[in-house]
Every structure is written in structure tokens, then in C-alpha cells.
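In my numbering, the protein residues as written are 1039 to 1216.
1) Going by beta carbon distance, what residues of the same chain come within less than 8 Å of residue 1055, once the five residues before and after it are set aside?
2) Beta-carbon separation of residue 1171 and residue 1161 under 8 Å?
3) So residue 1134 packs on residue 1152, CB below 8 Å; how close in whole Å?
4) State the start and end residues of the unbroken alpha helix (DSSP H) segment that holds residue 1098.
5) Do residue 1100 and residue 1157 have their C-beta atoms within less than 8 Å of each other?
6) By the DSSP assignment, the alpha helix (DSSP H) with residue 1157 in it spans what residues?
7) Using 7 Å as the cut-off, classify the Cβ of residue 1093 as near or not near the heavy atoms of the ligand GTP, replying yes or no.
8) Quick one: residues in its chain with C-beta nearer than 8 Å to the C-beta of residue 1136, no 5 flanking neighbours on either side, listed in chain order?
9) Runs of 4 residues minimum, wholly inside the stretch 1151 to 1206: which ones carry the alpha helix (DSSP H) assignment?
10) Just the C-alpha distance for residue 1155 and residue 1207, rounded to the nearest angstrom, thanks.
11) Helix, strand or coil: how does DSSP classify residue 1060 here?
12) Quick one: Cα of residue 1049 to Cα of residue 1179, how far?
13) Residue 1051: buried (16+ other C-beta within 10 angstroms of its C-beta) or exposed?
14) Under 8 Å by Cβ, that's how I've got residue 1079 and residue 1190 pegged, so tell me the actual separation to the nearest angstrom.
15) What does the alpha-carbon distance come out to for the pair residue 1128 and residue 1141?
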């Protein structure tokens, strides 16, 4: 039995415009294990079959996190994924505009509030914040998945910002030498 080919698309390279042959691409790919693990984490966290949280919920959390951080590229990516998935337009708008109070769904509202706390003031991600999630209908495994997702999004945003800065630095250095 043959295995299906693995995807050669790397979201981070795509969003940052890294291309083979560039100095920043070469530097990032010196640790291909990290590149593969980052893409693998993205693929796993946004796998439609992942139980506990719907794909739309995870994408809405991602959009909201990217908006709060802010990361324009990631926000655009997650918004496009939500639109492709046919997500509720009013929920997408509320997440994109940073208005979780406009979301009537108690479960999603609690998830977005927890996301905000962990991103803006992590110290507020305390016992009370965690207990609000099961009270809104999230199971313990779903709470763990949500926390993992938010941690990954924080890493993803910082990685994109760092690579964008490094790419600009390398591009400026190359331009100065020309």
C-alpha cells in the first residue's frame, strides 16, 4: 500500500513570501524538523476530524487571535478559510472586528473571551477563566485543545513576524550590496 504524497505547501513560507534561494528561506530550512513540526501542528489543529471543537470554532479563535496580536497575514488567512468553510458571516465579522460580545453563542463567546485573556493579559487566564469554559459547555478535552490552539497561534504569529523582519533585513542588506 502506498502512502499519499505529503503536502509541499508550507503555510509560514507562503504567508511570509519565502522562496527557495532566498537567505531567509535557507536559514529557516536549516532546521527542517522544526519547519515540518510547525506545519504538522497547523495541520493537526485544523483537521476537520479533530473532536471537541468544530473546525469553524477553531478558525474563529484563530482569526480573533490574529486580530488581537495583530497579524494581518494570519488574520487574512483564517478569514479566507472561514469564508471557504461557509462559516456564519456575523460570527466571522465579530471575530475579525474584535467584538466577541456581538456573538450570541455562549460557547463561542466564552472561547473568544478566554483567547483574549491569554493573549492580552495571560495572568487573567486563571482558575476562574478556565472554569468559565466548562460552564459554557466545553468538555475538559475541548478546553485542553483550546489552550493548545491558543499557544500554537501565539507561536505562529511570532514566527511570521520574526521571519517578516528577518526577510526585510536580508532584502535591505542585499539591496545595499547591489
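By construction, the Cβ of each residue, glycine as well, lies at the ideal position given by its N, Cα and C atoms.
With the given structure in hand:
1) 1205
2) no
3) Their Cβ separation, rounded to whole angstroms, is 18 Å, which puts residue 1134 and residue 1152 out of contact at 8 Å.
4) 1093 to 1106
5) no
6) 1144 to 1158
7) What this structure holds is no ligand at all, so the ligand GTP is not there to describe.
8) 1102, 1105 and 1106
9) 1165 to 1173
10) The alpha-carbon of residue 1155 is positioned some 33 Å away from that of residue 1207.
11) coil
12) Cα-Cα distance, rounded: 26 Å.
13) So residue 1051 counts as buried.
14) Contact holds; Cβ gap of about 6 Å.
15) 8 Å
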